[in-house]
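Working notes for the structure below.
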Amino acid sequence: MDIRYSTHAADYPAYDTATLRARYLIDGVFAPGAIRMTYCHDDRMVVAGLMPVGEPLRPEGGAMFGGLGFFDRREAGIFVIAGAGRIIVDGTAYDLVEADALYIGKGAKDVAFESPDPANPAKFYLVSVPAHRACPTRAIRKADARTLELGTVRDANKRQLRQYLHPDVIETCQLCMGQTDLYEGSVWNTYPCHTHERRMEAYLYFGLGEDGRVFHYMGKPDETRHLVLANEQAVISPSWSIHMGSGTRNYSFIWAMAGENQEFTDMDMVKPQDLR
Numbered sequence: 001m002d003i004r005y006s007t008h009a010a011d012y013p014a015y016d017t018a019t020l021r022a023r024y025l026i027d028g029v030f031a032p033g034a035i036r037m038t039y040c041h042d043d044r045m046v047v048a049g050l051m052p053v054g055e056p057l058r059p060e061g062g063a064m065f066g067g068l069g070f071f072d073r074r075e076a077g078i079f080v081i082a083g084a085g086r087i088i089v090d091g092t093a094y095d096l097v098e099a100d101a102l103y104i105g106k107g108a109k110d111v112a113f114e115s116p117d118p119a120n121p122a123k124f125y126l127v128s129v130p131a132h133r134a135c136p137t138r139a140i141r142k143a144d145a146r147t148l149e150l151g152t153v154r155d156a157n158k159r160q161l162r163q164y165l166h167p168d169v170i171e172t173c174q175l176c177m178g179q180t181d182l183y184e185g186s187v188w189n190t191y192p193c194h195t196h197e198r199r200m201e202a203y204l205y206f207g208l209g210e211d212g213r214v215f216h217y218m219g220k221p222d223e224t225r226h227l228v229l230a231n232e233q234a235v236i237s238p239s240w241s242i243h244m245g246s247g248t249r250n251y252s253f254i255w256a257m258a259g260e261n262q263e264f265t266d267m268d269m270v271k272p273q274d275l276r
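All residue numbers for the sequence shown refer to UniProt numbering, where the first residue is 1 and numbers rise by one.
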């Protein structure tokens with residue numbers, strides 16, 4: 001497990017590129033037959049990639065979780081970004097295809113991830129946060145998500161945003177997740193940008209191809225930096241940081257938020273003229 005400690009907004013302007021990447025970039029999210037897990041001290045969020053090719057994969061607890069099982073005090077959202085997979089939660093099987101999601105509530109005991117076709121293994125993207133109450137485990141299909149059409153061709157940010165783990169779709173304790181797909185010819189996400197001091201966020205960028213890149217912008221509005229992300233890399237966005245991106249082509253990303261509330265529109269907008 002990779003562990004990332006919280007960083008102070010006053011410290012990050014001194015970071016060079018290598019330090020920025022070490023603090024906020026999550027590389028190698030997916031590996032065949034493995035669980036790749038990153039523990040973020042920001043809101044105790046866990047970001048993980050699971051890619052079963054033989055035996056089922058089971059997230060385990062341990063010392064980082066107080067010696068408890070992984071789901072004893074946690075909830076999680078899982079998206080399939082490639083292939084088709086099966087998740088078995090305490091004996092109930094959920095078959096998922098690309099762009100489907102599963103919410104697992106606090107208290108699940110035996111959770112296994114499988115790829116029915118090992119030659120075309122599923123890529124499961126998991127985000128987990130602490131939960132103080134149990135909510136029902138539920139599959140959310142692409143058609144079940146709350147879909148919003150945003151942006152314009154003129155501004156190169158025409159995109160479809162789908163809310164999966166959201167109060168208008170399902171009940172969760174604190175976790176909110178969704179997927180945004182940019183249309184061909186659009187490259188900007190989350191612009192004009194914002195912060196939300198009450199929640200941190202993580203992004204997984206994918207659909208870029210081998211040579212595509214996303215320039216992910218972060219930092220205080222008057223002290224911005226950027227990270228260059230490749231396909232299937234993730235980034236941690238602290239609550240004090242803006243988060244927006246521009247790509248060399250259109251792409252998709254999964255966003256996950258946790259913190260003080262679940263109000264999707266609870267954000268502090270930043271005027272473009274105030275960015276530095």
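Just so it is clear, CB atoms sit at the ideal spot from N, CA and C, and this is done for glycine as well. Everything numeric in this text was worked out from a predicted model, so none of it was measured.
Thinking just about the alpha-carbon of each residue, which of Leu182, Glu210, Phe71 is nearest to the one in Arg58? Sequence index remark: in the sequence shown, residue 58 carries index 58 (1-based). Considering only alpha carbons, the answer is Phe71.
Does Thr92 pass the burial test, meaning 16 or more other C-beta atoms within 10 Å, or should it be called exposed? As a first step, residue 92 must be located in the sequence shown, where it is residue number 92. So Thr92 ends up on the exposed side.
Note the first and the last residue of the continuous beta strand (DSSP E) segment covering Arg21. The residue given as residue 21 occupies position 21 in the sequence shown. No beta strand (DSSP E) holds Arg21; the alpha helix (DSSP H) holding it covers 17-24.
Just tell me which of Asn231, Met267, Pro130 has its CA closest to the CA of Leu68. Position 68 of the sequence shown, counted from the first residue, corresponds to residue 68. Nearest C-alpha to Leu68: Pro130.
If you follow the beta strand (DSSP E) that Gln174 is in, where does it begin and where does it stop? Against the sequence shown, residue 174 aligns to sequence position 174. Run containing Gln174: none; DSSP gives neither H nor E here.
Would you call the CB atoms of Gly212 and Arg249 closer than 8 Å? Along the sequence shown, read from residue 1 onward, the residue named residue 212 stands at position 212. Along the sequence shown, read from residue 1 onward, the residue named residue 249 stands at position 249. Closer than 8 Å, so yes.
When every heavy atom of the ligand GDP is checked, does at least one fall within less than 7 Å of the C-beta of Ala119? Although the ligand GDP was asked about, the structure shown includes no ligands whatsoever.
Secondary structure, beta strand (DSSP E): runs of 3+ residues fully inside the region 238-265: 242-247, 252-259
Could you give the DSSP three-state label for Ala93: helix, strand or coil? Your numbering for residue 93 matches position 93 in the sequence shown. DSSP places Ala93 in strand when its eight states are reduced to three.
Given that a residue counts as buried once 16 or more other Cβ atoms are within 10 Å of its Cβ, and exposed if not, what is Ile3? Working through the sequence shown from its first residue, we reach residue 3 at position 3. Ile3 is exposed by the Cβ-count criterion.
Residue 280 versus Pro32, Ala48, Ala122, Phe253, residue with shortest Cα-Cα distance: The question about residue 280 has no answer here: the residues shown for the chain are numbered 1 through 276.
Please classify Ala22: is it buried, with 16 or more other beta-carbons within 10 angstroms of its beta-carbon, or exposed? Taking the sequence shown and counting its residues from 1, the one referred to as residue 22 is at position 22. Counting Cβ neighbours within 10 Å, Ala22 comes out exposed, since fewer than 16 surround it.
Give me the DSSP bridge partner(s) of Gln233. Sequence index remark: in the sequence shown, residue 233 carries index 233 (1-based). According to DSSP, which records beta bridges pairwise, Gln233 is partnered with Tyr205.
Val29 vs Gly49 beta-carbon contact at 8 Å: The residue labelled residue 29 in the question sits at position 29 within the sequence shown. The residue labelled residue 49 in the question sits at position 49 within the sequence shown. Yes. Within cutoff.
Pick helix, strand or coil for Pro116, following the three-state DSSP scheme. As a first step, residue 116 is located in the sequence shown; it is residue number 116 there, counting from the start. Coil at Pro116, not helix or strand.
Nearest candidate by alpha-carbon position, reference Thr137, set Gly209, Lys106, Gly62: As a position in the sequence shown, residue 137 is number 137, starting the count at 1. If we check each option's Cα against that of Thr137, Lys106 comes out closest.
To the nearest angstrom, how far is it from the Cα of Arg276 to the Cα of Asp222? If you number the sequence shown from 1, residue 276 lands on position 276. If you number the sequence shown from 1, residue 222 lands on position 222. Arg276 and Asp222: Cα-Cα distance of roughly 5 Å.
Where does Arg44 sit, in a helix, a strand or coil, going by DSSP? The residue labelled residue 44 in the question sits at position 44 within the sequence shown. Looking at Arg44 - three-state DSSP - the assignment turns out to be helix.
Taking C-beta to C-beta, are Pro56 and Glu114 nearer than 8 Å? By one-based count along the sequence shown, residue 56 stands at place 56. By one-based count along the sequence shown, residue 114 stands at place 114. Cβ distance < 8 Å, so Pro56 and Glu114 count as in contact.
Is the region 221-239 in contact with the region 5-13, if contact means three or more CB pairs nearer than 8 Å? yes
Rounded separation between Thr19 and Asp27 - CA only: Your numbering for residue 19 matches position 19 in the sequence shown. Your numbering for residue 27 matches position 27 in the sequence shown. Those two C-alpha atoms are separated by around 14 Å.
Residues sharing a beta bridge with Tyr125, DSSP: Within the sequence shown, residue 125 is the residue found at index 125, counting from 1. DSSP output for Tyr125 lists Gly49, Phe79 as bridge partner(s).
Contact between the region 187-202 and the region 235-244 is defined here as three or more beta-carbon pairs at a separation below 8 Å; is this criterion met? yes
Other residues of its chain near residue 277: CB distance less than 6 Å, five sequence neighbours each side excluded: The structure shown does not extend to residue 277, since the chain spans only 1 to 276, so no value can be given for it.
So the candidates are Asp117, Arg74, His196; which of them puts its Cα closest to the Cα of Ala108? Counting from 1 along the sequence shown, the entry for residue 108 is found at position 108. The shortest Cα separation from Ala108 among Asp117, Arg74, His196 belongs to Arg74.
Pull up the CB-CB distance for Glu201 and Ser237, whole angstroms please, since I reckon it's below 8 Å. Working through the sequence shown from its first residue, we reach residue 201 at position 201. Working through the sequence shown from its first residue, we reach residue 237 at position 237. Going by Cβ atoms, the distance from Glu201 to Ser237 rounds to 4 Å, so yes, they are a contact pair.
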